[in-house]
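Student: Okay, here's the structure, questions in a sec.
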Amino acid sequence: MVMMSFTELDDDTVRSMAIGAVFSDFGGKINWVDFHRKEDLLVTASDDDSVRLYDIANAKLVKTTNHKKHGADRVCFTHHPSSVICSSKYNLESTGESLRYLSMYDNRCLRYFKGHKQRVVSLCMSPVNDSFMSGSVDHSVRIWDLRVNACQGILRLRGRPTVAYDQQGLVFAVAMEGGAIKLFDSRSYDKGPFDTFLVGGDTAEVCDIKFSTDGKSMLLSTTNNNVYILDAYGGEKRCGLSLEPSPNTPIEATFTPDGQYVLSGSGDGTLHAWSINMRKEVASWNSHIGVAACLKWAPRRAMFVAASTVLTFWIPNDSKSTAEPVMVDTEVGAES
Amino acid sequence: MDALKEPEIEIGSSMESFLKLMDSQRELVHNQIDQLQRIVVTQCKLTGVNPLSQEMAAGALSIKIGKRPRDLLNPKAVNYMQAIFSIKDSISKKESREISALFGVTVAQVRDFFNSQRTRVRKLVRLSREKASRSNVPEESYDRNLTSSDSMIPLDVVPVNSLGPTSIEEAPSCSKQDDALPGLDDMDKYFVENIFILMRKEDTFSGQVKLMEWILQIQNSSVLYWFLTKGGVMILATWLSQAAVEEQTSVLLVILKVLCHLPLHKSLPEQMSAILQSVNSLRFYRTSDISNRARVLLSRWSKIFARSQAMKKPNGRKSSSEAQNEVLLKQSIGEIMGDGLWPPNTDIGEGALVPAYEGLENSRKLESPQALKLLPASTYDSARKHILGFSSAHNRERRKVQLVEQPGQKMAGRSPHATRAVPVSQGRPMSADDIQKAKMRAHYMQSKYGKNVLSAGSNETKTEGLNRPLTTQASILPPVSKVHVQPKNEEHKKPEVFPTEVSNRIEPHFDAKQKMDSVEPLWERCKRVQIPWKTPPEMLLNDLWRVGDGENSKEVDVQRNRNRREGEIIYRTAQEIPSNPKEPWDVEMDYDDTLTPDIPTEQPPDADAAETQIPHDKHGNSKIASVPSSSQIGAGSPPEPDLELLAVLLKNPELVFALTSGQAGNLSSKETVRLLDMIKAGGAGFAGNLSGFNGKVEEKVEVSLPSPTPPSNPGTVRSGWKPDEVRNPFSQRSPVGNVVAYTSPGVTTKIPTVEKLPFNSTTKLQQHSSESSLSQQVPTAISPFSFLHTSTIVPQKHVPITTGHASERRFPCSPSLPVQTKAQQPPFMSNPSHNYRPPVGNLGPVYDSWEIRQGLVLNPRSHANQNNYNASYTRPVPSQMMSNPPWEGDGNVVDGGFESWSPENSPTRSAIYTPESNSVEPRMNFGWNYRPDRSRQRNSAGYRDNNWPGNGRWQDRRN
């Protein structure tokens, strides 16, 4: 079939998504995955203290590096295709090296970012420049620049913070205790937030924020497995999705690159897709990997990854013959 | 046979007492039955329901009630739970919930299953222990009969025997084998005869210490060796672990001493491994004395073993596999000694496994040569050893699958389990679970520690294989001891090669099983549903979204250059990958974290103020009218406006009035009087208006604080441009003052709607900067606004003035007409007071920056400004700016304008004010920088209209 490209996905394409590649050689659960913004690359951080680089166009493992000393918790790409930022799990007290700037190219740590006293649980890179943000369970958010090890700014707040840049790099959002989302201008964050959203009626911790590529919507996942879609300008709730609880395993939700759909994992080991505009569920699948703690759609591909202790790449399934079993699976997933 | 006879004799001899006992028992039972009946009857009376109805019905239908929940457990669930149970004794609530969800059984059932399994295992362990000791009892009793020394022992022995006369047959055969130790003196003899009996009986630590002291007194090496080979080590190991658990330091000390005393290098490796394990765990004992001793002991043993291995070689008795065993044992010791990284748990797992293998192998090896010397006794020996080992099993090692019912598993399936289960050295049965558990641990360790575990893994497989042939011998344990006898024969016949074959065969079975229990099925299922890989189609992002792709990143280049210098490192195998990445080239100094700027997490009050601006405008025009006048005056009198003074002024309208009067000197008396009159008149009106807005006033004060510059701006602009106008508002105010007060609300409320129109149009205007369009647009834009006014004066003024403003800035000539007409219109045109001009003029630049930027956009406002002297409107401006898309786009224009203006006016002033204007700007920034861009996006995406509603929402939320 001729390679085509989408500008928008349709329900059928979303529905046809199926597992196209499986990577099961992880020695523990996968803590985080991140796509490169431009290249066909994926990076994973897992409990076996490895950081792995995948080629998502060919579904190949490109590189593996071990990080026994620090562990690998959150990971995200910088703008360079072989550099990543990774947060540490171990030896935080003794070394303070809670964040590491790593080059996968020659397997070298390029820089330590010291400052967080405890584990970093949220990490994101500015889409436009070299700054990045980290939110830690030490109740602080720090803003950094890749090129210097000094912290550029610190936000002290209550609760466990979650941070996210919008796709344009103009704004960043910080979620704090009580489900409050504060919006900052990324160029003059020192002036404080310019807006605050509250997720009405839900005071659960927001454990993940994502902005849609068009900048119009914002996706919040809470620790009690509710997913909200907010208007990124006004903060109104556009959708609220409640998923099966999965204690101790936060689930992740993701926009499709066209901003038309939202996908989410669930505590019962299923995956769901909703159309934002139609406000209806479009598809659901059995994840086949249990509760998918990581779920991200590739920024420039019609594919997404779901990961628990196994990493799966999902791609559209064009052939009708195999589409049938997928549907069957869907039903099974719904039943179970 | 002794044992068998004993109970018979007892029963036979005391028949009467037995009958008595029977009678009393019967009585008791009848009693209880009666009581029960009574209870049932009462309950039936009280409740009206037969409490036994269910049971009766069940009985009638021949359903087993008690068994129901168990019956409902499906085999899958049982299997799964069994698998889990093999890993751990108890499960958390969460796990039980998961299991229940997985297999559709209730949580209670899961819990019950685990409880029952636990008790069962415990019981079996206890039983088997008893059995083991029982099997020894005959020998002991025999010994006792010979010596009849200890009076305590018979009391213990008899009841044990009476419990189970099953294993008797073994007794005679076992009994005599060891008597042949040569050259014993009395003390040693006594020791030989009694030590085991006593040791096995001894439960208290103090007693144990006494016994061990006794052992320490024995110097005869053959006796010690005998003690060793008879399983004394196993008992010691048990004591050791018990003492360690109970933290009996003194006991531990004595045990370690005894271990030093014993010729352990001669002991069988399997026993050695057991003790090794216990001692090893002591390395980390709380008391340093103990831990040191343990370490010394271990290092000594490792040396001894190295030596003994060297010594053995010339004997030629050593098969290759044995050599391997030795190596493995050494390795295990080495590992235990050396590798601190491994948690104690793992140590045990590995340490136990390796020697286990060895012990088995060796014991088998040793047997055959020994058989020549010692006759069949040797096999019994080994059998006994196992029993002993088993009897000394630690409390925590109580799980054996073969003892646990495996529903749905056939005997065939079970027997291998049973066989595998037993022949572990360290006095602990090696069960399928153990192997599996060890494997899982190895798997885990492998993932955690990489290749280290590989050796352990290979050992395990061997262990499995080797266990197999030994099965026969091993299966003795729990069942009946007679098995002993046959196995040894088989054992000897078995070819040496067999084990390896078996191991090959068994391995896959285990793997499969293990996978079933762990995550594997997940990805297997994935594989099943997997579709062939195809490069996923690209998704094109809308360019208008302006999704960032690191365009401002310097890091990319830095890294690209660095990578050009460095060679890429590619690891071909997993083993090559180092456990940590290379460290940074240079260690960077830690920065001073106290210098890290704190970012506020609350919205600055300014932001709120800016946003509340519009509402306050709505109400407060009248207010503003007064404010500007004062501020202007205030600004006018001192060379540069005093902000504090301004604030005070703003807060106190009276003061303003007072000041105004104070300034009167600048004005002509006539003017002043008129002014004052007007102000008073207006003030009365304001007071009325303000009464309702007191709260707002405060806000406003804050708001206008940072904006002292603009108030005088109009003056500046006009001063250069048209002096008349400067005074214009002033003079106007007198007549219009009241009018303003009432019209303004109407005006301002309309502003949003009005603004919308001019907004867009002006945007374009500015972008195109076409004069014609401007002159056309502005009026049109404003027209709705002016129409809305009730007061005739104001609208008239508005139109011309606004246009005037716009034109003033940009097109001094063409639009000046309306301005002039307008200027002429006001009847009260007072003479321009020149005092005002200079200071005002200084402020020009700032004003310009505002005015030019906002220029047209703000027209509706600026009209109001005209009335109100603009002062208060600096604030509104920003608020409006927030929603003002063209802002950024106009940046260049603005700057240009700004610069061109500033030199004209006094440079010093502008210098002073520029920072201030800056300080104002950033405050708005959060609004502009963000909103403009986004709104631009929206515009491009066709969302222009949303922009305003959006803003509206903002305000609404604030309010």
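Protein chains in written order, with full-length UniProt numbering: chain F, 1 to 336; chain B, 1 to 959.
The beta-carbon is built from N, C-alpha and C at its ideal position, and this holds for glycine as well.
1. Which term fits Trp-32/F, buried or exposed, when burial requires 16 or more other beta carbons within 10 angstroms of its beta carbon?
2. Could you confirm whether any beta carbon from chain F is found closer than 8 Å to the beta carbon of Leu-374/B?
3. Since Ala-302/F contacts Pro-537/B with CB under 8 Å, what's their CB separation in whole angstroms?
4. How would you label Cys-86/F, buried or exposed, when you count the other beta carbons within 10 angstroms and need 16 or more for buried?
5. Kindly list, in the order they appear in chain F, the residues whose Cβ is closer than 9 Å to that of Tyr-591/B.
6. Is the Cβ of Gln-402/B closer than 8 Å to any Cβ of chain F?
7. Which of the three DSSP states is assigned to Tyr-112/F in this structure?
8. Looking at the unbroken alpha helix (DSSP H) that takes in residue 347/F, where does it start and where does it end?
9. Listing by chain order, which chain B residues have their CB less than 7 Å from the CB of Asp-190/F?
10. Would you call the stretch 39–52 of chain B and the stretch 77–90 of chain B in contact, with 3 or more CB pairs under 8 Å?
11. Using the beta-carbon of each residue, which ones in chain F are nearer than 8 Å to Ser-100/B?
12. Measure how close the beta-carbons of Leu-243/F and Ile-251/F come, nearest whole angstrom, since I'm counting them as under 8 Å.
13. Is Gln-152/F helix, strand or coil when you go by DSSP?
14. Quick one: using the 10 Å Cβ neighbour count with 16 as the cut-off for buried, is Ile-599/B buried or exposed?
15. If you drop the 5 nearest sequence neighbours on each side, which residues of the same chain put their C-beta closer than 8 Å to that of Asp-11/F?
16. Count the other C-beta atoms from every protein chain shown that fall within 10 angstroms of the C-beta of Met-22/B, then say buried if there are 16 or more, exposed otherwise.
17. How is His-261/B classed by DSSP in three states: helix, strand or coil?
18. Cβ of Thr-162/F within 8 Å of Cβ of Asp-208/F?
19. Would Leu-157/F pass as an interface residue toward chain B - the criterion being a Cβ-Cβ separation below 8 Å?
20. Would you give the residue range spanned by the beta strand (DSSP E) that Ser-264/F belongs to?
21. Taking Gly-567/B as the query, report the chain F residues whose CB atoms sit under 8 Å from its CB, ordered along the chain.
22. Any C-beta of chain B sitting closer than 8 Å to the C-beta of Thr-162/F?
23. Given a cut-off of 8 Å on the beta-carbon distance, is the pair Leu-61/F and Phe-23/F in contact?
24. To the nearest angstrom, how far is the alpha carbon of Tyr-90/F from that of Tyr-112/F?
25. Any C-beta of chain B sitting closer than 8 Å to the C-beta of Thr-270/F?
26. Determine which residues share a DSSP beta bridge with Leu-123/F and list them.
27. With distances taken between CB atoms, is the gap from Ala-232/F to Phe-211/F smaller than 8 Å?
28. Assign Arg-142/F to one of two classes, buried (16 or more other C-beta atoms within 10 Å of its C-beta) or exposed (fewer than that).
29. Hey, out of Ala-292/F, Thr-254/F, Met-133/F and Ser-266/F, whose CA is closest to Ser-186/F's CA?
30. Return the residue from the list Arg-15/F, Ala-57/F, Ser-82/F and Ala-18/F that minimises the CA-CA distance to Arg-564/B.
31. At a CB-CB cut-off below 8 Å, which residues of chain B make contact with Gly-20/F?
32. Per DSSP, which one or two residues make a beta bridge with Ile-229/F?
33. Which chain B residues sit within Cβ distance under 7 Å of Ser-88/F?
34. Report the neighbours of Ala-57/F on chain B: residues whose CB is nearer than 7 Å to its CB, in chain order.
35. Mark Pro-907/B as exposed unless 16 or more other C-beta atoms lie within 10 angstroms of its C-beta, in which case mark it buried.
36. Are the beta-carbon atoms of Cys-109/F and Lys-582/B separated by less than 8 Å?
Tutor: By the coordinates alone:
1. Buried, since its Cβ has 16 or more Cβ neighbours within 10 Å.
2. Bear in mind that a pLDDT of 39 at Leu-374/B, under 50, signals an unreliable position, so the number given afterwards is only what the model happens to contain. Answer no: the Cβ-Cβ gap between Leu-374/B and chain F never drops below 8 Å.
3. Rounded, the Cβ-Cβ distance is 5 Å, consistent with contact.
4. Cys-86/F should be labelled buried.
5. Lys-114, Gly-115, Val-148, Asn-149, Ala-150 and Cys-151, listed in chain order.
6. The predicted position of Gln-402/B is uncertain, since its pLDDT is 38 and thus under 50; a value taken from the coordinates is nonetheless stated next. With 8 Å as the cut-off, Gln-402/B does not count as an interface residue toward chain F.
7. Tyr-112/F sits in a strand when the DSSP states are folded into three classes.
8. No statement about residue 347/F is possible, as the shown extent of chain F runs from 1 to 336 and does not include it.
9. Within chain B, the residues near Asp-190/F are Pro-597 and Ile-599.
10. No, the stretch 39–52 of chain B is not in contact with the stretch 77–90 of chain B.
11. Per Cβ cutoff of 8 Å: no residues; Ser-100/B is ~14 Å from chain F at best.
12. Indeed, because the Cβ distance is near 6 Å, the residues count as touching under 8 Å.
13. Strand, per DSSP.
14. By the 10 Å Cβ count, Ile-599/B comes out buried.
15. Closer than 8 Å at the Cβ level, and outside the excluded window around Asp-11/F, lie Ser-275, Val-282 and Ala-283.
16. When all chains shown are included, Met-22/B counts as exposed.
17. Note: His-261/B maps to helix in three-state DSSP.
18. Against a cut-off of 8 Å, the Cβ pair of Asp-208/F and Thr-162/F comes out as a contact.
19. Closer than 8 Å to some Cβ of chain B, the Cβ of Leu-157/F qualifies, so yes.
20. 261–265 is the span of the beta strand (DSSP E), which, as asked, contains Ser-264/F.
21. Chain F residues near Gly-567/B: Asp-106.
22. At a cut-off of 8 Å, the C-beta of Thr-162/F has no neighbouring C-beta in chain B.
23. Going by C-beta atoms, Leu-61/F is nearer than 8 Å to Phe-23/F.
24. Each residue's Cα considered, the two are about 14 Å apart.
25. With 8 Å as the cut-off, Thr-270/F does not count as an interface residue toward chain B.
26. The bridge partners DSSP lists for Leu-123/F are Ser-134/F.
27. Going by beta carbons, Ala-232/F and Phe-211/F fall inside the 8 Å limit.
28. Under a 10 Å Cβ-count criterion, Arg-142/F is classified as buried, with 16 or more other Cβ atoms of the shown protein chains found around its own Cβ.
29. Ser-186/F has its Cα closest to that of Met-133/F, out of Ala-292/F, Thr-254/F, Met-133/F and Ser-266/F.
30. With distances taken between Cα atoms, Arg-564/B lies closest to Ser-82/F.
31. Near Gly-20/F (Cβ distances below 8 Å), the residues of chain B are Gln-530, Ile-531, Pro-532, Trp-533, Lys-534 and Pro-536.
32. Paired residues: Leu-219/F and Cys-239/F.
33. At a beta-carbon threshold of 7 Å, none of the residues of chain B lie near Ser-88/F; the nearest stands roughly 11 Å away.
34. Neighbours of Ala-57/F on chain B, chain order: Thr-535.
35. Any answer about Pro-907/B is weak, because its pLDDT of 38 lies below 50 and its placement is not dependable; what the coordinates show is given next. Answer is exposed; the Cβ neighbour count stays below 16.
36. With a cutoff of 8 Å on beta-carbon distance, Cys-109/F and Lys-582/B are scored as near each other.
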